[in-house]
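There are 2 protein chains.
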Amino acid sequence: MEKIATSNLKLGIICGGQLGKMLIQEASKWDIITYTLDADENCPAAGISSVFVKGSNFDYDAVYNFGKLVDILTFEIEHVNVEALKKLKSEGLNIVPDPHVLELIQDKGLQKCFYRDNGIPTASFDLFGCKKDIFNAINENRVKFPFVQKLRKGGFDGRGVAVINNLGEVDKLLEGPSLIEEKVVIEKEIAIIAARNQKGETKCFPAVEMVFNEHANLVERLVCPSSLTPELNSEAEALASKLIESLDMAGLLAVEFFVDVNGQLIVNESAPRPHNSGHHTIESVTTSQYEQHIRAILNLPLGSTSLISPSVLINLLGEPFFDGPVFYEGFSECLAIDGVKIHLYGKKIARPYRKMGHVTVISQSLESANKKADKVMSLLKVKSWKN
Amino acid sequence: MEKIATSNLKLGIICGGQLGKMLIQEASKWDIITYTLDADENCPAAGISSVFVKGSNFDYDAVYNFGKLVDILTFEIEHVNVEALKKLKSEGLNIVPDPHVLELIQDKGLQKCFYRDNGIPTASFDLFGCKKDIFNAINENRVKFPFVQKLRKGGFDGRGVAVINNLGEVDKLLEGPSLIEEKVVIEKEIAIIAARNQKGETKCFPAVEMVFNEHANLVERLVCPSSLTPELNSEAEALASKLIESLDMAGLLAVEFFVDVNGQLIVNESAPRPHNSGHHTIESVTTSQYEQHIRAILNLPLGSTSLISPSVLINLLGEPFFDGPVFYEGFSECLAIDGVKIHLYGKKIARPYRKMGHVTVISQSLESANKKADKVMSLLKVKSWKN
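Chains as they are written, first to last, in the numbering used here: chain A, 23 to 409; chain B, 23 to 409.
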C-alpha cells in the first residue's frame, strides 16, 4: 500500500529556504508529513514544516541522522553532504533525486563533461586545478579573452563566477579548481524545468525568459511564455528532456539555456530541484513545480504543465543600503493591482540584494502583465525599518 | 507602520479544521505568524500553524487567553465563546469579523429575523421555545406541513435540522429552541461568498451551484460557474453584498440561496468565514477565498474575483462502513487525470460521511470538468485499512 495514500508518509527535505517552504505548502495539501533539516531555526520553512531538525546540510552526521527519520529524502539545494546520502542509500533509504545526480551537479566541471559526453550543446571549456594554471595557460596563449571562470564547487546565485574580458581583469580570477569557458554573446536567456518519475514519464514546463539585474547578477524578471520561436522552443524542450533522461534521474531538473547571437541553444547549467525560474507555476500553470516535484519523487503520474495564464515574475531583492529587520514598502498598494500574487519568504533580516520574496503577475496578455510588473517594481521595495 | 509589512503580524485563528489549515497555507505566503486554537492537537491545521495552542473554542478561558497572544483574531467556525470575544474586544483586541456578527449568526432565529428586518428574502418562519410549543402549534393548525425545523443553536453540516413532511413524521422533531420555516420547493441551490474590508470595499466571488449527497445531507459536488441566468446572478450578488453591508462586517460572508420553482431567490443561511463552497477558488479564481479573507480582515485592498477556469468540486467523504485509519483508494489514478487537484485535510481517522478532503477539477469547459469529476468519483474512495 502506498504510504502517501495513508497520510503517513514522512518526507525529508534538506534545507528550509524558500524552495523548501513552497514545497511544504504543496506537500501539506496531500497531508504529507514534512521534516526539514536546516542550520537556521528561523529559516523560511521552519514555521510550516511538520517537524524541524536543526543541523547543517554540509555535516555528515546531521544529514545521516536526519535521513534515518524519514521514508523518502529530497533536497532544495545542491550543497548536501553526498557521502551521508550514499551511506543512507546503501542502507535502503529512498533518496530522490539519486545522490549520483547530486554529486555530478555539485561539480560544475563534471557537469560540463556530462553535457559534452551526452551531446548536450554547451560552451567550450577547459578544467583547471588552480588560479596559477590559468595564468600559465593565458601566458601560453591557450586561453582566449573574453572568458568566464566558474569555480567547480560551491557557487550559488552568481557567486563563484568571474567574467574576465581582457588581460587587465585577471586579478578578478578566483582561487580553486575551476573551469573556464568561452564567453557566449548572449541574445537571450531562458530556462526550462523538466520533470521525470521513476517510471520514466517526462514532462517539461513552458520555457521562461530571464531578465537580469546587472548590479546583483540575479534574475530580476522572468517572463512566460518566452519569445522563443516555436522551433527553438521545441528544440529546448527536447534538450531538457534528453538531459533529464541521460541523467536517469527522477525529480525536477531546471535547465538554463543561453540563446547566442547565431540563434543557437547552449546549456549553461542545470539544477536537480525546484528552481527560481519556476515560481510562477504556482499561479500560472495547471501543476506547480512544487506539486510536480512531489509527484516525480513519489513516482506518481506527472501533472499537466499547460499554461493557464501569461505571467511575469519579479524577485523581491533587498534594496541597496538597507540591512536590518525587514519592511516591505508598498505592500498594500501592490495588492490593489489585479492579478498581483505576493510571496514573502519569511526572512526577517533584509540585506542588499538578498532574495526576500517574489511577485507573480498574471494577466490575460504578457503586455498587460509586464505593465503591472513595472508598477509593482516602482512601488514595492524591500527596506529595513532600522538602518 | 503596518505590522503585516514587517513580517511580525500574529494572526490568531479559532479552530484548526480544514478551513483553518487552508487559511494558514495562504497566510504563510505573506509570512504571517499564525496561532491556532483547537481542542485536538491532531487537527488539520496543527502541523502547519506557526504556534498551536490546545484549548476549546467553547471555553471562555481558553478563548480569552488565546486572544491575549495575538494581534488580530479570526475564526473558521461559528461556534466560539462570544463572551470571551466581547471581553477581548473591550480590552482593545482587533477581532474580525466582529463578535456581534458571530452572535447573530450563531442563533439561526436572530439570523432569520435579521434577514426579515433588512429586506433579505428568506422562507417565512416562526420561533419556538421547545418541541412542545411546536406540537401545540400543530394541534392549533398554526403550522402547515411540510416544514423544516432548525435548532437555533449548534447545528452544523446538516445536523440540527429536521424535515417534517406530515403528521406521521413529528417524532423526528428536535428538542430545544428552534425555528420552523416553510419547506421551499427547491429548483437549485447556490452559494455566493461576499468579502468586505473595513473601508467598506465589497466584492463577490462567482456563484457556485451545489449538488447534494442525499444520504449524508452534505454537499457532494459544487459547480462554477452556476446555471443561474445573468439576471438572477446579478440579483444574488446584489443580495449577498446587501447582506454583508447590512451586517456592517469585515471578512467573508458565505450566503447560501435556494432558487424556488418560481425562480425566486431565497436566502437559506449564511456563515461569516471561509466556506466549503469556496474551496475551488484556490485553483479557479484569481484570488482564493482564503487570501481574500486575509485581505478583508487586515483591511487590505480586496483581490480580483475573476474566474480563471470552470471548476467542479467534490467533497471527499468517508465511505459508509469504514471507520479507522484512513486510506485513499485511487489516489494515484486520479492524479493521472489532467486538472485534478486533490486536497487531503489530514484527518487520520476515516468515518462514514466525514469530510476528509476535496478535489477540484479545472478544465476548459464545465462539460469536460464534469466528466473528469465523474471519473474521480468512481475512482477515489475514502476507506480505512483496518476495519
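In this text, a Cβ means the ideal position worked out from N, Cα and C, and glycines have one as well.
Keep in mind the model is a prediction, meaning the values are calculated, not measured.
Is there a Cβ of chain B sitting closer than 8 Å to that of arginine 317/A, yes or no?
yes
Given that histidine 365/A touches chain B, what residues does it touch there, using C-beta distances under 7 Å?
Lys51
Can you check whether the C-beta of leucine 322/A is within less than 8 Å of a C-beta belonging to chain B?
yes
Exposed unless 16 or more other CB atoms sit within 10 angstroms - verdict on asparagine 290/B
buried
Cβ pair count under 8 Å reaching 3, the segment 80 to 91 of chain B against the segment 32 to 48 of chain B:
yes
Interface residues of chain A facing tyrosine 350/B [CB-CB closer than 7 Å]
Ala27
Using alpha carbons as the reference points, say which of Lys205/A, Gly198/A and Gly368/A lies closest to alanine 49/B.
Gly368/A
Taking the alpha carbon of proline 323/A as the point to measure from, which residue in Glu223/B, Arg376/B and Val362/B has its own alpha carbon closest?
Val362/B
To be precise: take each residue of the segment 298 to 316 of chain A, compare its Cβ to all Cβ atoms of chain B, and keep it if any distance is under 8 Å. Which residues remain?
Thr308
So with Cβ pairs under 8 Å, would you call glycine 346/B a contact of chain A?
no
Best match in Met399/B, Gly176/B and Glu313/B for proximity to isoleucine 54/B [C-alpha to C-alpha]:
Glu313/B
Rounding to the nearest angstrom, what Cα-Cα distance links tyrosine 57/A and glycine 42/A in this structure?
10 Å
Using a C-beta cutoff of 8 Å, does glutamate 24/A count as contacting chain B?
yes
Valine 117/A to phenylalanine 353/A, Cα distance in whole Å?
Note that residue 117/A is isoleucine in the sequence shown, not valine. Their Cα atoms are separated by approximately 39 Å.
Exposed or buried, what is leucine 244/B when buried is set at 16 or more other beta-carbons lying within 10 Å of its beta-carbon?
buried
Along the segment 47 to 73 of chain B, what residues have a CB closer than 7 Å to any CB found in chain A?
Gln47, Ser50, Lys51, Trp52, Asp53, Gly69, Ile70 and Ser72
Aspartate 83/B to leucine 59/B, Cα distance in whole Å?
12 Å
CA-CA distance, serine 385/B and leucine 329/A?
12 Å
Contacts around glutamate 351/B, its chain only, beta-carbon distance under 6 Å, and the 5 residues preceding and following it disregarded
Lys403 and Lys405
Per DSSP, cross-strand counterpart(s) of isoleucine 160/A:
Per DSSP, none; premise fails for isoleucine 160/A.
Quickly, what does DSSP pair alanine 258/A with across the bridge? List them, please.
None, per the DSSP bridge assignment.
Where leucine 115/A and glutamine 220/A are concerned, what is the direct C-alpha to C-alpha distance, given to the nearest angstrom?
15 Å
Reduced DSSP secondary structure (H/G/I, E/B, other) of proline 121/A
helix
If contact means a Cβ-Cβ distance below 8 Å, which residues of the segment 210 to 226 of chain B contact chain A?
none
Does the pairing of the segment 209 to 219 of chain B with the segment 266 to 279 of chain B give three or more beta-carbon distances under 8 Å?
yes
Euclidean distance between Cα positions of serine 78/B and valine 85/B:
7 Å
Within a Cβ cutoff of 6 Å, which residues of the same chain sit near threonine 382/B, ignoring the five residues on either side of it in sequence?
His302, Glu305, Ser333, Leu335 and Lys363
C-alpha gap between aspartate 360/A and valine 307/A, whole angstroms:
18 Å
In this structure, how does DSSP classify arginine 376/B when only helix, strand and coil are distinguished?
coil
Whole-number beta carbon distance between asparagine 337/A and glutamate 191/A, since they are thought to touch under 8 Å:
Contact doesn't hold; Cβ gap of about 27 Å is too wide.
Using the Cβ count rule (16 or more neighbours within 10 Å means buried), how would you classify aspartate 129/A?
buried
Spatial neighbours of methionine 399/B in its chain, beta-carbon cut-off 7 Å, leaving aside the 5 residues before and after:
Ile336
Inter-residue CB distance, phenylalanine 169/B and glutamate 203/B (contact presumed, cutoff 8 Å)
7 Å
Whole-number beta carbon distance between methionine 232/A and serine 299/A, since they are thought to touch under 8 Å
7 Å
Interface residues of chain A facing glycine 368/B [CB-CB closer than 7 Å]:
Ser29 and Asp53
Just verifying my parser: in three-state terms, what is the DSSP assignment at proline 252/A?
helix
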